[in-house]
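Here's the structure, in structure tokens; my notes come after.
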Amino acid sequence: MSMLESLWESYIGTNLVGSYFINNHTRIDTAQNMQCFAFQCSFNTISNSAIYISKSDNTTLLHVKCLFQSCRNSGNGGSVYFYNSGTGPIFQIQFCASECNSNGDGIFVISNCRDSRSFEGTIFNSGDLSTGYGPITTWYDDVIAKSNNISYCKGVYSSGIFNEQSANLWNTSYCTYSSGIANQFGAVMCSGNAVVNSCNIINNSELLDSEGIVNNYARTLTISKCCLMNNNPNGVGKLFKVANSLIIISCYYDSYTFSGNSPTVQETTSKFINALSHLSTANCIAVIPFISQNEKHLETEERGSLHKGDVSELIFMAFMAY
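Residue numbering for the sequence shown is -5 to 316, as defined by my numbering.
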């Protein structure tokens, strides 16, 4: 079994019998029923989405260690457009994106499929306040977003992750959502029975509406072991807005406002920030908030520790040899 076949099988769980692209620099566009695997591709200044897959029953998309620079779409999906009316999922692994935009849903990616997975990716300095919804936008999908770093992005709706319709499974863990600006829906917009775990949600602003920095419009939102610091929900806005119930477990927040039913607060903590390195992402410009004073080490499942003190930001470029 080749390295690519092994990598595909490790994520997708099936044999690779479809098309794959290695070190590709041109737009990938298909409407076929197929498996599509992009590995170590670099997309620069591509219009109408770097990867565009539309209305393909049972198509599966996996892209690993791909770079997206200044990719745009006049419609949905600035870098990746994935619409699957069948059962195929999208997996996005160790991706880097910067200066991407769309005029509709998905400043970086729009997906409408059964399952949407985004792991160890970075989206930096993308979107604007006049067009575009959410760097990661999903429709109906069951969503798992883990160890992503989304920073300095802007959007009409959400500067981080945005779910348009109710999902059965919605989970974001070990992610950083920092220094984003949105007109509405702040940094995290989720639905279904949603879980936000061990995330940093820091320095985000909502300018025009009171939809909340963190919003869940259906069912239950459970937020645990998260740091919510220096967020500005427009003065009259809310840190949390939920349609049903909100459960807060072992979180730190420096301001506390909510809209909806009274939350269940199981435990609050003193000031900390999850020390999420995000160093597994290759060749990315990233911004990571950190606390350097009075360190208090509390282990996390991702890597690193939690620190106590004042928040700062570290801007770096990480390189990984392929």
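Beta carbons: idealized from backbone N, C-alpha and C, even for Gly.
If you're wondering where the values come from, they're calculated on a predicted model, not measured in any experiment.
From which residue to which residue does the alpha helix (DSSP H) around residue i run?
i, result
"I101", "No alpha helix (DSSP H) contains I101, which DSSP labels as neither H nor E."
"M183", "From DSSP, M183 is part of no alpha helix (DSSP H) but of the beta strand (DSSP E) over 182 to 184."
"Y5", "-3 to 6"
Thinking residue i and residue j are a contact (beta carbons under 8 Å), I'd like their distance in whole angstroms, please.
i, j, result
"C30", "G12", "6 Å"
"I207", "N197", "In fact, because the Cβ distance is near 10 Å, the residues do not count as touching under 8 Å."
"S173", "G126", "About 17 Å; that fails the 8 Å criterion."
"A176", "Y211", "Not a contact, Cβ separation roughly 15 Å."
"S92", "F113", "Actually they are not in contact, since the Cβ atoms of S92 and F113 sit about 18 Å apart, beyond 8 Å."
"R66", "P83", "At roughly 25 Å, the Cβ-Cβ gap does not stay under 8 Å, so R66 and P83 are not in contact."
"S64", "C94", "7 Å"
"T8", "M28", "About 13 Å separates the two Cβ atoms, so there is no contact after all."
"T132", "N165", "Not really, about 12 Å apart at Cβ, beyond 8 Å."
"K235", "N255", "So it is not a contact: roughly 11 Å between Cβ atoms."
Does the distance from the C-beta atom of residue i to that of residue j stay below 8 Å?
i, j, result
"S244", "L233", "no"
"G80", "G98", "no"
"G180", "C147", "no"
"S110", "G72", "no"
"C182", "I155", "The question names Cys, yet the displayed sequence has Val at residue 182. Taking 8 Å as the Cβ cut-off, V182 and I155 qualify as a contacting pair."
"G128", "G115", "no"
"F15", "I22", "yes"
"L61", "Y5", "no"
"K59", "Q88", "yes"
"G186", "N162", "yes"
"T216", "I241", "yes"
"Y77", "S48", "yes"
In terms of residue numbering, what span does the beta strand (DSSP E) encompassing residue i cover?
i, result
"V58", "54 to 58"
"D203", "Looking at the DSSP string, D203 is not in any beta strand (DSSP E), and its letter there is neither H nor E."
"K49", "Careful: K49 lies outside any beta strand (DSSP E) and carries neither H nor E."
"A44", "That residue, A44, is in no beta strand (DSSP E); it is neither H nor E in DSSP."
"Q86", "84 to 87"
"N119", "Taken as a continuous stretch (DSSP letters only), N119 belongs to no beta strand (DSSP E), as it is neither H nor E."
"F76", "74 to 77"
"N143", "143 to 145"
"A111", "A small fix is needed here, since residue 111 is Arg in this sequence, not Ala. It spans 109 to 113 - the beta strand (DSSP E) in which R111 sits, taken as one unbroken run."
"N191", "188 to 191"
"V11", "Here V11 belongs to no beta strand (DSSP E), and DSSP marks it neither H nor E."
"C90", "90 to 92"
"L163", "Careful: L163 lies outside any beta strand (DSSP E) and carries neither H nor E."
"D135", "No beta strand (DSSP E) contains D135, which DSSP labels as neither H nor E."
"N128", "Rather than Asn, the amino acid found at residue 128 in this sequence is Gly. Element bounds for G128: n/a, residue is neither H nor E."
"N70", "Note, N70: premise wrong, no beta strand (DSSP E); not H, not E."
"T170", "170 to 172"
"Y151", "148 to 151"
"F35", "Correcting the residue identity first, residue 35 is Cys in this sequence and not Phe. From DSSP, C35 is part of no beta strand (DSSP E); its letter is neither H nor E."
"F62", "61 to 63"
Kindly indicate if chain B contains any beta-carbon less than 8 Å away from that of residue i.
i, result
"K232", "Looking for chain B here will not work: only one protein chain is present."
Checklist entry - Are the segment 86 to 106 and the segment 259 to 271 in contact at 8 Å, needing three or more beta carbon pairs? => result Using a Cβ-Cβ distance cut-off of 8 Å, the segment 86 to 106 and the segment 259 to 271 are not in contact, since fewer than three pairs of beta carbons, one from each stretch, lie closer than that value.
Next on the checklist: Just to confirm the assignment: which complete beta strand (DSSP E) runs, minimum length 3, are found wholly within the segment 213 to 277?
Outcome noted: Whole beta strand (DSSP E) segments, 3+ residues: 214 to 218, 221 to 223, 234 to 236, 239 to 247, 258 to 262.
Next on the checklist: Quick check: the segment 162 to 182 against the segment 191 to 210, are at least 3 beta-carbon pairs closer than 8 Å?
Outcome noted: The segment 191 to 210 makes contact with the segment 162 to 182, as at least three CB pairs between them are under 8 Å.
Checklist entry - Quick check: the segment 136 to 156 against the segment 38 to 47, are there 3 or more CB pairs under 8 Å? => result Contact fails: fewer than three Cβ-Cβ distances are below 8 Å.
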